[in-house]
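Numbering of the sequence shown is given in our numbering, commencing with residue 2 and proceeding in unit increments.
A quick write-up on the structure given underneath.
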Amino acid sequence: MNSGVVAQPFDLEFFLPMEPIPPVESFPIPAPRFNGASRSVEAGNALDWLRQGWAIFIVNPGAWIAMMVILIVIYLALSIVPLIGHLAAFVLTPLLAAGMLLACQKVAHEKTLEISDLFAGFQRSTGALATLGVLYMLAMLIVGLLVFLLAGGGLAGGLMMANPVGVGVALSSIFMAGLLGMLLSVPIVMAIWFAPALVLFNQMPAVDALKASFNACLRNVVVFLVYGLISMVLCFFAALPAGLGFLVLGPVLAGSVYASYRDIFIAD
């Protein structure tokens, strides 16, 4: 019997299986990539950084002093080689600094400190750290050339005058060259300060790490001025006993750099 209802066509596609959902690659979902974000801190934090540096040193002073002795020997050996040795020292600095920072992290995480940690930069993020070293070397080389040209030109001109005025010109050119070198070195130090830590702990590319370090230092000019002044006083007293104080001050300053990184950037 026809009821007047028209049968609808059977939609087979509706019953076909859906496309499989791709599996989640990892769980929990990984955190967003670190972008070098930093924060501004108070000037008084400079003292906290140094106190934390001392706390890191005092956990295993013997190992830290041994690491400092190795560092001093390395840099003294490089200084014997004219020019090439000095340039190599700049290249090696981020690699060796990374080792010191990793040692600081191990102490902070209550892990066993080993003297071999000094060379961790030759095993982890080596390419990026070496790139930092090359860029650091090139920047300092350019500054050195500018200082040499200014000082050398003024000195030659002053000596050619062969009179007291010429001596004054020569001395003033040397002073101005030194001042220029110091001023040009400041932004370089700002860029390299946190760069090894950012490369080692956050896997940032070398150039991005330099930019992030410079921006972080720029945001914290006051606290770094306080830190710099205190460090200069500490260096003065460390140099008094034939420089032996640097065997202690060196690790303390390394620990303070690690503490400042933890304070200004996202904790590792």
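Idealized CB from N, CA, C, for every residue including glycine.
This one's a predicted model, so the numbers in the text were calculated from it and none came from an experiment.
Counted within 10 angstroms of its Cβ, other Cβ atoms place Leu132 as buried (16 or more) or exposed:
Here residue 132 refers to the residue found at position 131 of the sequence shown. As written in the sequence, residue 132 is Thr, which differs from the Leu given in the question. Classification of Thr132: buried, given that the 10 Å Cβ count is 16 or more.
Nearest candidate by alpha-carbon position, reference Ile59, set Phe266, Leu248, Asp264 and Val187:
Taking the first residue of the sequence shown as 1, we reach residue 59 at position 58. Closest option to Ile59, Cα to Cα, is Leu248.
Does the Cβ of Cys218 have 16 or more other Cβ atoms within 10 Å, making it buried, or fewer, making it exposed?
The residue given as residue 218 occupies position 217 in the sequence shown. When all chains shown are included, Cys218 counts as buried.
Are Trp65 and Pro188 closer than 7 angstroms when you measure CB to CB?
For the purposes of this step, residue 65 is taken as the residue at position 64 of the sequence shown. For the purposes of this step, residue 188 is taken as the residue at position 187 of the sequence shown. Contact: no.
Give the single residue among Trp50, Gly244 and Leu136 whose Cα lies nearest to the Cα of Lys212.
Sequence index remark: in the sequence shown, residue 212 carries index 211 (1-based). The candidate whose alpha carbon is nearest that of Lys212 is Leu136.
Taking one C-beta from the segment 114 to 126 and one from the segment 140 to 147 each time, how about it: are there three or more such pairs within less than 8 angstroms?
no
Return the first residue and the last residue of the alpha helix (DSSP H) that Asn203 is part of.
Reading the sequence shown from its first residue, position 202 is the one you call residue 203. Here the alpha helix (DSSP H) through Asn203 covers Ala196 to Asn203.
Keeping to the same chain, check which residues put their C-beta closer than 7 angstroms to that of Arg220; ignore five residues upstream and five downstream.
Residue numbering aside, residue 220 sits at position 219 when the sequence shown is read from its first letter. Only Ser39 and Ser41 meet the Cβ criterion.
Does Ser39 come out as helix, strand or coil in the three-state DSSP assignment?
Locating residue 39 in the sequence shown gives position 38, counting from the first residue. Looking at Ser39 - three-state DSSP - the assignment turns out to be strand.
Cα separation between Ala198 and Phe215?
Residue numbering aside, residue 198 sits at position 197 when the sequence shown is read from its first letter. Residue numbering aside, residue 215 sits at position 214 when the sequence shown is read from its first letter. When rounded, the distance between both Cα atoms is 13 angstroms.
Take the Cβ of Ile265 as the centre, count every other Cβ of all protein chains shown within 10 Å, and call the residue buried at 16 or more, exposed below.
One-based indexing of the sequence shown puts residue 265 at position 264. Burial call: buried.
DSSP has Phe266 in a bridge; who is on the other side?
Walking along the sequence shown from the start, residue 266 turns up at place 265. For Phe266, which the question treats as bridged, DSSP gives the partners Ser39.
Whose CA, out of Phe195, Ala109, Met69 and Val82, lies closest to the CA of Leu245?
Along the sequence shown, read from residue 1 onward, the residue named residue 245 stands at position 244. That would be Met69, whose Cα lies nearest to the Cα of Leu245.
Roughly how many angstroms lie between the CA atoms of Gly179 and Gln124, to the nearest whole one?
On the sequence shown, residue 179 is found 178 positions in, with the first residue counted as 1. On the sequence shown, residue 124 is found 123 positions in, with the first residue counted as 1. Approximately 37 angstroms, taken between the alpha carbons.
Taking just the CA atoms, how far does Ala98 sit from Phe225?
Walking along the sequence shown from the start, residue 225 turns up at place 224. Walking along the sequence shown from the start, residue 98 turns up at place 97. Cα to Cα, the separation comes out at about 19 angstroms.
Using CA coordinates, which residue listed in Gly54, Ile85, Pro95 and Tyr76 is at the minimum distance from Ile193?
In the sequence shown, residue 193 corresponds to position 192, counting from 1. Selected option, being the one with the closest Cα: Pro95.
CB-CB length for Ala89 against Ile231, believed under 8 angstroms:
Here residue 89 corresponds to residue number 88 of the sequence shown, with the count starting at 1. Here residue 231 corresponds to residue number 230 of the sequence shown, with the count starting at 1. The pair is not a contact, with the Cβ atoms about 31 angstroms apart (cut-off 8 angstroms).
Nonlocal neighbours in the same chain, by C-beta distance under 8 angstroms from Val92, ignoring five residues either side
Position 91 of the sequence shown, counted from the start, is the residue given in the question as residue 92. So the qualifying residues of the chain are Ala131, Gly134, Val135, Tyr137 and Met138.
When you compare the CB positions of Tyr262 and Phe195, do they come within less than 7 angstroms of one another, or not?
Here residue 262 refers to the residue found at position 261 of the sequence shown. Here residue 195 refers to the residue found at position 194 of the sequence shown. Yes.
Tell me the DSSP secondary structure of Asn46 in three-state form.
For the purposes of this step, residue 46 is taken as residue 45 along the sequence shown, with counting starting at 1. Looking at Asn46 - three-state DSSP - the assignment turns out to be helix.
Quick one, are the C-beta atoms of Ala152 and Ile175 less than 7 angstroms apart?
Taking the first residue of the sequence shown as position 1, residue 152 is located at position 151. Taking the first residue of the sequence shown as position 1, residue 175 is located at position 174. Going by C-beta atoms, Ala152 is nearer than 7 angstroms to Ile175.
Do Leu201 and Ser126 count as a contact pair if the criterion is CB distance below 7 angstroms?
Counting from 1 along the sequence shown, the entry for residue 126 is found at position 125. Counting from 1 along the sequence shown, the entry for residue 201 is found at position 200. Yes, the pair counts as a contact, with Cβ atoms nearer than the cut-off.
Please classify Ser257 as buried or exposed, where buried requires at least 16 other C-beta atoms within 10 Å of its C-beta.
Against the sequence shown, residue 257 aligns to sequence position 256. Per the 10 Å Cβ criterion, buried.
Do Ala56 and Val227 have their CB atoms nearer than 7 angstroms?
Within the sequence shown, the letter at position 55 stands for residue 56. Within the sequence shown, the letter at position 226 stands for residue 227. Result no, Cβ atoms of Ala56 and Val227 do not sit closer than 7 angstroms.
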